[in-house]
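Report on the structure given below.
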Amino acid sequence: MESGYLISLIILGVSLVLLIGIGIYAVKKMKPTLENLQKTQKYAQDQVEHFTNEANVMQKKVNLIMKRADNTKEVAQTNLERMNELSDQASSLSHSLTYLKENGPDYSKNIAQNTYEELKTDGPRLAKTFKRAFNKTIDKQKQRHQNNTSHTL
Numbered sequence: 001m002e003s004g005y006l007i008s009l010i011i012l013g014v015s016l017v018l019l020i021g022i023g024i025y026a027v028k029k030m031k032p033t034l035e036n037l038q039k040t041q042k043y044a045q046d047q048v049e050h051f052t053n054e055a056n057v058m059q060k061k062v063n064l065i066m067k068r069a070d071n072t073k074e075v076a077q078t079n080l081e082r083m084n085e086l087s088d089q090a091s092s093l094s095h096s097l098t099y100l101k102e103n104g105p106d107y108s109k110n111i112a113q114n115t116y117e118e119l120k121t122d123g124p125r126l127a128k129t130f131k132r133a134f135n136k137t138i139d140k141q142k143q144r145h146q147n148n149t150s151h152t153l
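Right, dumping it as structure tokens:
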């Protein structure tokens, strides 16, 4: 064999051994980096899951708040309608009171006059009926008293 061929084989062998050695050295140096990369990926995945769960919880709270806001809005609308009804009734009452204030003296005068006329016409009849009922009650009480005293003797 020629010396050039032999030297190239030796160079090739040394290169191959050197290449394998550098590869093993690079793998040893890269192994912690690859492990850290896997840990970082796992940590990042855990963080993504954590924040996804947090986002879901926040979304549920937001939905609950929105439902409460809708309910509050409905209650406010109902209360507003009731306030409008109350305002209408208060306005009607105010008009009625104004009408009564304007016409009250006439009504009072007419009521007094009607009462006076009824007393004038029905008063003597009522007094007579009352007097008769009073006298009959007294007679019954006297009779009971006489019956009770005669039984005790």
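Mapping to this note's numbering: the sequence shown position 94 is 94, numbers consecutive. Here a beta-carbon is modelled for each residue, glycine too, at the ideal position from N, C-alpha and C. Note that the structure is predicted; figures quoted are calculated from it, not measured.
Taking the CA atoms as reference points, Tyr25 sits about 16 Å from Glu35.
In the three-state scheme derived from DSSP, where H, G and I count as helix and E and B as strand, Glu49 is classed as helix. Across the structure, Phe51 and Met66 are spaced so that their CA atoms are roughly 22 Å apart. DSSP places Glu81 in the helix class (H, G or I) of the three-state scheme. Apart from sequence neighbours up to five positions away, no residue of its chain approaches Gly13 with a beta-carbon distance below 6 Å.
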